[in-house]
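Inspection log for the structure reproduced underneath, given as structure tokens.
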Ligand code: AMP
């Protein structure tokens with residue numbers, strides 16, 4: 016059985032031992048309820064590193080007051096089975112009280128990259144993400160850490176943080192893993208009832224449409240966004256939070272795709288907020 020580590024002290028002991036053995040260490044930060052998207056990150060880490068730590072922690076400080084912290088799905092038995100199957104070495108699953116001791120008051124806050132896209136509807140989210148990821152980096156001291164392109168803004172923010180704060184960790188972005196019908200895998204998909212699950216295909220269909228337009232040479236962001244929004248709005252259960260195209264480097268909106276760009280969206284399906292995206296640099300035939 017894979018070891019589940021609950022305390023920072025125990026995690027540090029294991030890391031020390033691995034370092035004595037000369038192992039390289041990969042970290043896969045997650046909030047648990049693991050699926051094939053998380054598994055792809057574990058696989059990538061296994062390829063590059065001698066040892067792989069999966070952190071499994073629903074981080075309270077990255078949720079807003081009206082968000083789904085309480086209802087976020089949790090299943091440690093399932094998580095440990097999947098992590099073990101994919102060859103992870105340990106799961107680091109501390110309680111919130113272990114990560115945030117009484118009096119906790121130091122945060123990592125980023126002033127750029129976090130003011131657009133999800134940062135607008137989730138104003139304290141990235142501060143929570145940067146803080147917990149910094150803590151995980153300090154505890155696990157990985158050589159490499161693996162993040163999904165599914166959370167494209169998060170990936171950009173983490174890369175920027177590592178550069179700003181001189182963290183000696185390689186950040187590796189991994190492709191979005193999808194269900195067979197296109198829906199991006201997400202722990203939050205479990206919130207969807209049958210009808211909503213069908214409606215949620217509006218996101219991946221819009222990604223398909225947008226990337227198709229880009230691959231055919233369309234460079235007007237307005238036209239691409241309008242077409243994508245029209246497709247999503249045709250779905251009665253969908254309510255758009257945003258569909259935007261931003262410069263991949265600074266997450267600022269652009270009008271023309273004349274540089275590597277990210278087309279990202281957040282859409283409510285019923286009460287569930289889902290995200291999806293594509294990078295123009297991943298689209299065949301797109302202007303580079
Ligand atoms: P989460 O547990 O949702 O916070 O996600 C943990 C990590 O898994 C993040 O780096 C996500 O971007 C990544 N991830 C989540 N879903 C997917 C997916 N469908 N494909 C690839 N990576 C994913």
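Residue numbers (the numbering used here): 16 to 303. Ideal Cβ placement from N, Cα and C applies to all residues, glycine included. Here the structure is a predicted model, which is why all the values come from computation and not from measurement.
Extent of the continuous alpha helix (DSSP H) to which residue i belongs
i           : result
residue 185 : Taken as a continuous stretch (DSSP letters only), residue 185 belongs to no alpha helix (DSSP H), being part of the beta strand (DSSP E) at 185-189.
residue 141 : 140-155
residue 127 : Element bounds for residue 127: n/a, residue is neither H nor E.
residue 256 : Residue 256 -> not in any alpha helix (DSSP H); beta strand (DSSP E) instead, spanning 253-262.
residue 220 : 216-230
residue 173 : 167-179
Contact check, residue i vs residue j, beta carbons under 8 Å
i           : j           : result
residue 159 : residue 63  : yes
residue 22  : residue 109 : yes
residue 218 : residue 170 : no
residue 51  : residue 172 : no
residue 207 : residue 224 : no
residue 69  : residue 24  : no
residue 167 : residue 292 : yes
residue 184 : residue 162 : no
residue 284 : residue 211 : yes
residue 151 : residue 42  : yes
residue 222 : residue 255 : no
residue 99  : residue 268 : no
residue 266 : residue 128 : yes
Residue from the options with nearest C-alpha to residue i
i           : options               : result
residue 299 : 113, 59 and 228       : 228
residue 261 : 73, 142, 239 and 213  : 239
residue 87  : 143, 117 and 75       : 75
residue 58  : 37, 194, 301 and 188  : 188
residue 178 : 205, 125, 141 and 194 : 125
residue 2   : 205, 220 and 20       : In the structure as shown, the chain begins at 16 and stops at 303. Residue 2 is therefore absent and cannot be evaluated.
residue 274 : 38, 297 and 112       : 297
residue 92  : 78, 153 and 19        : 19
residue 264 : 233, 155 and 175      : 175
N- and C-terminal bounds of the beta strand (DSSP E) containing residue i
i           : result
residue 69  : 66-71
residue 280 : 276-284
residue 160 : 159-163
residue 41  : 40-45
residue 291 : 287-294
residue 20  : 18-20
Residues of its chain near residue i, where Cβ-Cβ distance is below 8 Å and the 5 sequence neighbours each way are ignored
i           : result
residue 90  : 47 and 48
residue 101 : 54, 57, 58 and 61
Contacting residues, own chain, Cβ-Cβ under 6 Å from residue i (five flanking each side not counted)
i           : result
residue 294 : 277
Sequence-distant residues of the same chain with beta carbon closer than 7 Å to residue i, five excluded per side
i           : result
residue 322 : Outside the shown range of the chain (16 to 303) lies residue 322, about which nothing can therefore be said.
residue 146 : 76, 122 and 123
residue 97  : 49 and 54
CB contact below 8 Å: residue i versus chain D
i           : result
residue 229 : The question asks about chain D, but that chain is absent: this structure has only one protein chain.
Practice problem: Count the CB pairs spanning the segment 25-38 and the segment 132-149 that are closer than 8 Å, and state whether there are at least three. | Solution: Taking a contact to require three or more Cβ pairs closer than 8 Å, the segment 25-38 and the segment 132-149 do not qualify as touching.
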